[in-house]
Structures are given as structure tokens and as C-alpha cells.
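In the UniProt record's numbering, the protein residues as written are 1 to 1004.
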């Protein structure tokens, strides 16, 4: 032991001085020895420094200083346990506050080196108790607390650094947005190797698991941490947020066990607000989020949530909080740009100062102003901010000026206080109903479809042009009305390098394949189709309400509208309809936006700018940020076969759209459009009327409804969109695919009309991190009543020569219930998922009409993949096809409810279907083990309702609004006659309110 060694040395030295052993050395001069020890330390002669220091007698006044020198020498020699003992002895023996402070700080430094972060934090705090103005200690605590996930606890330490003028650009950036994840996983893992039981180390790694989309791992670790260290409130709050998705009893039990000090923590109030919001107690949720903001007015997530909840309640105060939340989200974006540029992006720094000043954060404004003045010394604007803000600084100035602190003038104490429900904590009942023991499996079918998307690559140059990466799309269309879904694929065409437009060729045209029941045949030439443009996304819709599905094709250049003649052929009516746009349209959708009964056309446009079609990226992807966006375009149906164009329906600055879904959220008659934008905020465009009956207004509700950004306030490179009820609460949710190194995003509609980023809780963040996602769809592969997710991936360029990827494997995520997903390995779900492809468009269908949902994928430079669902042991199902008569015939926005004895499902007919895709226009319900249906309710956009009592299961129903008859068929009953089917179901259908004496029962 070191202690024994230096004690022996001291004992021997004492004997020598007493001449007991005949030692004739001169007595030690403590002051001289201390000077020599300090000099040796400076010269990095650590052994000599330690020996000289320890020669100083314990009774000497220099003893504590000597112990500090010895400790520093041991630290440099990486003998940290020895150093700990030296510094602790220095603290115990010190006669002067100065030596005590130095020893305590050094002790904390050693604890940090040993990975004992809990001890280090405690020791640093003891330093501040004696010396509150020690900047180095504030810096250490700011780093450790933010790194380990205790962000709010780090706030006062960052604030000190800001006020003292010692904050670095990284510290200013973190402090500007404390909700930002501070990722130092390697540091924490090194600490864990040295101190595996340390609570703060384990909390930091649990926080990283949570941030990385591994909720189960994070939850398991947090449970143990709070059990051992309940006073670690930030860990308590993170666990509470994860428990929101568990059984009610677990959340209640967690909350009952919170220590008293949790009441003052803003994140606890934030979690309470989330719980209340998810239980649709919005007044209570608003109260909780307001309490959070009272404690930390800079809490971005709480401000966003509060603005959303207040808006849903129709409160005037929502405007102020929405403006503040928007400023905070914009600040996150700007700070992100600052960090990416290493502080050299002058525009981002300028905008950061502007936002901070507007929000009344004067201390931060001045700190950033000094940084900007030093960095951009030829610009005048930094001094202008300092001239305005510096005179306002004083010791009483809070972090946020009272005049800009919304909680100082908006009081929500009258709202209901937080209150937990009364639940049986001993209940262990699990919802095992509808569970099926199925083996999910897909296989690629050889059905005669011979089609490969041609993106016109220039093999003589390294790299790609921007448009070569986006690929083509796929649409499911029953063009001939035989109830068998057919397939349409868009095609690229020749496009020579250096040219600003393609060269149409009959060699490369879109293709239509007719479904023959067991195979497909190419009937492109017979059908009159053959779009020769550079094809992007197709969509299927009955634009003229004549009962026959038409095709609208997005191109780079002029889009094409094909009218279905009803005899198996199509007519190009683009010119006759007055469609003349020449933009780069990625996806499109046909839906009645102004509620006049006539479907309108909406173009989701992508990029424009100089060299947009000629720039070659030379092995690196051309970022969309290099180019400007193209405003989306609306074509209003005039009812006479023509369309009135409304250009620039969205702003150019933010319009870089790739995917789209049309659905009803806020208005039963007028749908909204979810547009996935690439590196700019997503749009949620709600249609509303104007004074001019021939026009329309689209209000962008993306921010207030919660789908414009991810949880961190950042815009992602969004592409595909899947829409369905993923968590079983009867509300549509969204799943959005994004670029590599940014996870896909799951937006849960936990309150009517507003969404929350629940990606991490759903288990969908981590698995998507290494992939570039494109097409995606929800589908219930095993028909257990919980929709699963399919995603196709593929990079935008070939990075294999630098250790990256080009083709990528696809992914299948199984829904484990309540919107929690796990990725199934390819070996389980099908060998196709092992294959690396450049997947792009993805559409859902049941091509062989066996009730199991299939899917089809368009790929770059490889034949399309038609994937057949071969799942065994699946549940029951019911499919519903609808035709409206009082609104547009496609019935977009119609809500279908299926009610069984123990459960109710609710789905909506949507259009657009995400990235360059158009699904089979049919709602599919997996019923699990339920073998009977009590009723089906149809809520039409017109406001009408249809009801069917006791319909059959494992069948497809086709209904027309206002009619008393319907069609019914089953995929497996080929041998049964029409009469036999009618007799089989007549007894079940007799009680249906939607059925008259005449039944039109159609054989497959």
C-alpha cells in the first residue's frame, strides 16, 4: 500500500534525525523541499517530486501543499489510487482554505480519471460550495452532467460560463439548446470499464441507448439505477418517459415512488404532460407543460408540446407559445449549422444571435456576440448586438428577460392539476386476445413481370447526377375492373451527360402489367399507355368520377394524365386538360381538396437551380441544400375536363418534396396533405375555402401538428411515408423514412390531430441509422390486428471504395403491440430481405387475393420485386373497398370501423401512399383470432354513415355510398358458384342495415 510506504519513509526519516540509526543527514527544510518538489513537478520528474514532497514532516505547515504535489505527481504517473489518497490526506490535514480547494478539485479530477463520475460530481460540487466562482469546476460539471443525461442539472453551470465570458463555442451551442443530445458514448464506455457500478456512468449509457432507439435496453438499466439512486431525478424522468408506453400500472407505480425533490424538476413535469396528453386530458397536459416551462423557460420540447395542446384547445395563448416554440426549433437548426461549420458559418451565427435576442436571452446574446465579433472582425453586425444588449447586463438579469418569459404573463394555474388514475397495482392481466402463432414469410414471385428502371447512368464518369438517385415508382390499378389488381411502373429514359433535359425514346417507356390471377402480362402497347418522360411517381385516381381508375404520372418535366376509357385502354388527356407544368415532380396525388366533389391534382415538386441536371457529384451525393426547392403545384378540377393551375402553392424556400399522403385530420370534408421534404421542414397542408369559390387556401400546420421536425427540432432528409393506425388507438400515425445517419421517424397521433415523435419509444430509431430509406408501407403481415412496417433502402451513390455501401438490404419491422416494433432477421422473414438492392418505390396490394397483404418494389438497375406473403398460421381478415357518391368517388378520407366482440379497429382511406407509390385502394383489417364481426361502420366524407351487421370474415366487401347492395368475394372459393356463396352468407347478411332483399354477391 502507498500509505504504508510513505509512512515508513517518514518513520525512517524521523529516526535518522534523532540519530538513532546513526544518520548524519541535515534536517529537512520544508519550505526548500516544497520548492524543489514543485520544480521537479514542472520538469516532469514525477518520482523526484513525489519523494521530495513526502520528505516534508507531517507537522510542517507545508505538509498539505506537499501532499498536493505528491498527488499531482502520482496522477501524471497514472497511479490514480495513490493520488486519491494523497489528495484526501491533503484535505484532512489542510490548515488553509486555499489548499483545501485545490485538493478537493484535484480529488474530483482523479475520480473523473477513474471513471467514478458520481464521486467526481460530488467532489466538484464541494469545491463550488467553498468557491462558487471557480470557472474550471463549472466547466467540469457542465460537461459531466450534460454528457450523462442530467441536462437540467447542468444548466446553472453553463449559465455561469456564459456570464463569466469563458464559454467555448461548443458550450454555447449546448447551452442554447439543452434538449440537444450530448453524445460522448466512447468516454462513458471507458468509464464503465473502470467503474462498472457508477450510477452516473450507467445513466449516461442508458441515455445513449434511449437516444439511439434502444428503449428496452435503456428501460432495464434505468429501473436498476433509480432503485439504487432514486435522487437521480433526470434518470427518473427518462424512465418515466419510457414507461408511458407500458402498462398503466407500471407508470403509476413509478410515479408513486418518486422522491419529493422530483417536484422541482422540469422533466418530471414534462413527462406528466405527455401522460396527460396521451390520455386526451389536454387541459391537464397544458398545466403540466406550463409547469415545466415555469421551471425552465428554455425547455424546447415543453414549449412545442404546450403550443400544440393549447392550439388543440382553441386557446389564444397558443399563438405566443407557438411563436416561441418555432423560434426554439429554428435556433436548434441554426446551432446545428454553426456546429457543422466549426463556427465559420456567419449567416448561422448571425441568425442565432437574432433568435436569442428576440427570446430575451440577453446573456447568451452577448456571449455569442463576443464570439461573433472575434470570429468575423470585418463585420459590423456583432457590435450592433453588443451595443444593444451589453448595457442590459446586471447581476439580477435572469436567463430569460421577464418581458420575454411567457409564463410571467400567461398563467395556467386554473387548469386541472396533474392527477393519476386509480388503478389496481397488483393487476397483471395481459391482452392476449387476437394473438396468432404465425410464421411471417415473404418470397419473390416469378409472375412474368419483366421490368427494370433505367436511370440513364453515365458509366464513363465517377459519381451520379442528382436525378439518377431517385428512381421510379409503382402504382396498383385495377384498370379493367375484374377485381384483380394490375401493376403500373414508371420508367426513366436516355439522358446524355451535360444535357439539361432527357431524350425520349420508345425503348424506355412506362409499363402496365395485367393480373391474370396467377401471372401478369405486359399490355402496355394494347392499353394506349407509354409515357416516355423521365418517370417518377405514379398515382391512381378516378379524376372524372366515371367509375374507371385513371393514371396521373409525375415526371422530370411535363407530367402526364391518362384517362381510362373503360374498355381496357387509356387516352393521354394532358393537353386537353391544360396541364403544362415543366417542374421536377417527384410524387403526386389526386384528391378533392376544395370539397366540390371533383378530384384535384397536386404535384409534389423537388429541386431546381443552376446545373441541377448536369452536376456530377464525383462519388459524393449532391446535397439538396446546394439547390433551391421548387414550389408545389395545385391543379383545381373545373368539372369540364380542364384544370386551373395554382402555382407556388407552397413556398420555394422549404419546398423540396419527395413523398405525399392525403388524408382527413381536421376537417371531415376537406383533406390535408402530408408532404415529406428533403432537409427542410415537412408540410401538413390543410385545405380550407376562400372568398373566391374558384380558389383554395392551404394552411401549413406541420409545426403545430408536430410532423415538421423530429423530436430534436431538426429537419430530416425525408422521403417515404407510411400511414395507418400503428398503436391501435384508432388514430392514423405516420412512419417516415430518412437518410443515413439520421433515424427514420415514427409520428404517433396520441391526441386528436396532433403528433409526437415516438421513434425511440417504438424501437425504430437505432435499426434505421445505417440506412438510406425510401419507400415504406404499413401492412399487417400475419393479420393479427397490429400493422407491421416494410422499408426498402439503398444509397444515392456508390461508397464501397471508401468502406461504405451502395445497394442495401430491406427491412421488416414486426409490431409487438401498441406501436412497439422489432426488426425481424432476414433468415426468418425471407431470403429476399438479405439481398442488397437499390430499392425505391414500394406499394402494398393483395395480388393473388388470398387475404394476406403482399408488396411490390421498384428498383434501380434491377428487375422489380413482387413479394408474395407466404405467412403460415395467420389470423382472420376483412377487406373493404368503397365508392362515394355524394363526394369524389374515390372516397378519400372515409373512416371504416370494424367491431368484434372484444375489440374495435378504425382505419381511413388515404391517397398518395408515400414515396412514388399508389397502393391498392382497399382498407385491410387483420382480426387475429376473432372469427366473427359484429358490425362495420362507414363514416363517409359527406357526413353520412353506413352500417353492416354481422358481415362475414375472410372476405372482401365492396360498398357504394347510399346503396343498399354490395359486392362480396373470397379469394379461395373458386369452386363455389355465385348462388352457393349467396346462400352461405344470406343468414348473416339478413340483419344488415346496408343490405336489401337483393344481394349482388360476386364470385372471384
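All residues carry an ideal CB built from backbone N, CA and C; glycine is no exception.
Collapsing the DSSP output to three states places residue 808 in a strand. Rounded to whole angstroms, the Cβ separation of residue 222 and residue 244 is 13 Å, and the two are not in contact under 8 Å. By the Cβ neighbour-count rule, residue 922 is buried, with 16 or more other Cβ atoms within 10 Å of its own. In the DSSP assignment, residue 900 forms no beta bridge with any residue. In the DSSP annotation of this structure, the continuous segment of the alpha helix (DSSP H) that includes residue 303 starts and ends at 300 to 312.
Following the DSSP letters along the chain, one finds residue 51 inside the alpha helix (DSSP H) bounded by residues 46 to 54. At least 9 Å separates the beta-carbon of residue 604 from that of residue 423.
Under the three-state reduction of DSSP, residue 874 is assigned to coil, being neither helix nor strand. Apart from sequence neighbours up to five positions away, the residues of its chain that approach residue 211 with a beta-carbon distance below 6 Å are 181, ordered along the chain.
Per DSSP, reduced to three states, the secondary structure at residue 536 is strand.
The straight-line gap separating the alpha-carbon atoms of residue 491 and residue 853 is approximately 25 Å. Just so you know, the alpha carbons of residue 72 and residue 170 end up roughly 28 Å apart.
Under the three-state reduction of DSSP, residue 774 is assigned to strand. Its chain contains 906 as the residues whose beta carbon lies nearer than 6 Å to that of residue 730, once the 5 sequence neighbours on both sides are disregarded; these appear in chain order.
In the structure shown, residue 191 adopts helical secondary structure according to DSSP, grouped into three states.
CA-to-CA, the gap between residue 564 and residue 479 works out to about 7 Å. With 16 or more other Cβ atoms from the protein chains shown falling within 10 Å of its own Cβ, residue 868 counts as buried.
Judged by their CB atoms, residue 873 and residue 782 are nearer to each other than the 9 Å cut-off. Under the Cβ criterion (8 Å, minimum of three pairs), the stretch 771 to 786 counts as touching the stretch 718 to 725. Residue 766 carries a helical assignment under DSSP once its states are collapsed to helix, strand and coil. Residue range 486 to 489 is occupied by the beta strand (DSSP E) that includes residue 487, with no alpha helix (DSSP H) assigned at that position. Distance from the CA of residue 897 to the CA of residue 626, rounded to the nearest whole angstrom, comes to 46 Å.
DSSP lists 939 as the bridge partner or partners of residue 945. When DSSP reads this structure, residue 605 sits in a beta bridge with 585. Under the DSSP assignment, residue 170 falls in the alpha helix (DSSP H) whose first and last residues are 169 to 176. Taking C-beta atoms under 8 Å as the contact rule, residue 524 and residue 509 qualify, at a distance of about 7 Å.
Contact annotation: the stretch 378 to 397 touches the stretch 354 to 369, with at least three C-beta pairs closer than 8 Å. Taking 9 Å as the cut-off, the beta carbon of residue 737 is found closer than this to the beta carbon of residue 774. In its chain, beyond the 5 residues on either side, 80 have a beta carbon closer than 6 Å to the beta carbon of residue 113. With a cutoff of 9 Å on beta-carbon distance, residue 502 and residue 534 are scored as near each other. Taken in chain order, the whole beta strand (DSSP E) runs of length 3 or more contained in the stretch 827 to 869 are 839 to 845, 854 to 859 and 865 to 869.
In the structure shown, residue 153 adopts helical secondary structure according to DSSP, grouped into three states. Bounds of the alpha helix (DSSP H) holding residue 354 are 346 to 358. At least 9 Å separates the beta-carbon of residue 310 from that of residue 363.
Judged by DSSP in its simplified three-state form, residue 292 adopts helix. In this structure, the beta-carbon distance from residue 677 to residue 629 falls below 9 Å.
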